[in-house]
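Right, one structure below, let's go through it.
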Amino acid sequence: MQEFRVAKGDAVFREGDDGDRLYVVSDGKIKLTHAAPDGRETLLAVMGPGDMFGELSLFDPGPRTATASAVVDTVLLGLNHQSLRAWLTGRPEVAEALLRALAQRLRRTNETLADLVFSDVPGRVAKALLDLGERFGETRPDGLFVEHDLTQEELAQLVGASRETVNKALADFVARGWIKLESRSVTITDVERLDRRSR
104 MQEFRVAKGD AVFREGDDGD RLYVVSDGKI KLTHAAPDGR ETLLAVMGPG
154 DMFGELSLFD PGPRTATASA VVDTVLLGLN HQSLRAWLTG RPEVAEALLR
204 ALAQRLRRTN ETLADLVFSD VPGRVAKALL DLGERFGETR PDGLFVEHDL
254 TQEELAQLVG ASRETVNKAL ADFVARGWIK LESRSVTITD VERLDRRSR
């Protein structure tokens, strides 16, 4: 695997680019975004250490379906199509791990679609905060500290709602004492109640 260093804000690849490499986040965070025909951008996912992305093009050749860019300074490991095929030969456990990662991604996509249909915005915000907490959180005396590094607009894109509606939900959670907001981070002070709200 080859190491790549990506500065905050720089793109690893852009939607429409040819894809011939998968990446694993070694350190940092990557966001995957999709641009609508009218120019609006949607945040599809945030990837952290251990997460893989860009793998679809290895199995289904075609242009990239999203743009990947660094949320913070990030270190990636990359493997091209030819090297991956050689690496998988004789290593069924690696192929199985790759399939498991793809299945988990598909499961998350299905859950996100169901949430968009069946959950209200505050429920989706609660679920997004808990997911970010599970992946990037650090337990502290006052709660689960989550340095998500997202702007309010990006958080709104992640839950598929307007920034104003997401801000109302966040303000409500603060008023109830479930979270404390800081710049690009949040402390979840009542995980149990936030979890109940996410259902």
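Count along the sequence shown from 1, then add 103; that gives the number in the working numbering.
Ideal Cβ positions, reconstructed from N, Cα and C, are used throughout, including at glycine.
Same chain, Cβ closer than 7 Å to residue i, five either side skipped, listed in chain order
i: P225; result: A272, D275 and R300
N-terminal and C-terminal residue of the alpha helix (DSSP H) that residue i is part of
i: L235; result: V224 to F239
i: D275; result: R266 to A278
i: D298; result: V294 to R300
i: S160; result: L159 to F162
Cβ-based neighbour list, residue i, same chain, cut-off 8 Å, excluding 5 preceding and 5 following
i: V311; result: Here the chain covers residues 104 to 302 and nothing more, so residue 311 does not appear.
i: L187; result: L125 and L161
i: G119; result: P166 and R167
Nearest to residue i (by Cα), restricted to the options the options
i: L284; options: L253, V262, Q260 and A264; result: L253
i: Q255; options: E267, V249 and P244; result: E267
i: K132; options: H251, F162 and A189; result: H251
i: G122; options: G181, P195, Q207 and L258; result: G181
i: I291; options: A110, R243 and A264; result: R243
i: V249; options: L147, R238, P152 and V178; result: R238
i: R108; options: V175, W190 and T136; result: V175
i: Q105; options: L159, G112, L125 and N270; result: L125
i: F156; options: V277, V128, Q260 and R287; result: V128
i: V149; options: R143, L161, A139 and T177; result: T177
i: L179; options: T212, G153 and D163; result: G153
i: E158; options: L135, P140, K111 and T192; result: L135
i: G112; options: G142, D130, A173 and D163; result: A173
Collapsed DSSP secondary structure at residue i in the structure displayed
i: L253; result: coil
i: D113; result: coil
i: E118; result: coil
i: R188; result: helix
i: R194; result: coil
i: R143; result: coil
i: V175; result: coil
Residue range of the unbroken beta strand (DSSP E) whose run includes residue i
i: R287; result: Premise fails: R287 is in no beta strand (DSSP E) and is neither H nor E.
i: M104; result: No beta strand (DSSP E) contains M104, which DSSP labels as neither H nor E.
i: T168; result: That residue, T168, is in no beta strand (DSSP E); it is neither H nor E in DSSP.
i: D245; result: Here D245 belongs to no beta strand (DSSP E), and DSSP marks it neither H nor E.
i: D130; result: R124 to D130
Own chain residues within Cβ distance below 6 Å of residue i, not counting five before or after
i: R296; result: W281
i: F116; result: R167 and A171
i: H137; result: T145, L147 and A169
i: L261; result: L146 and A231
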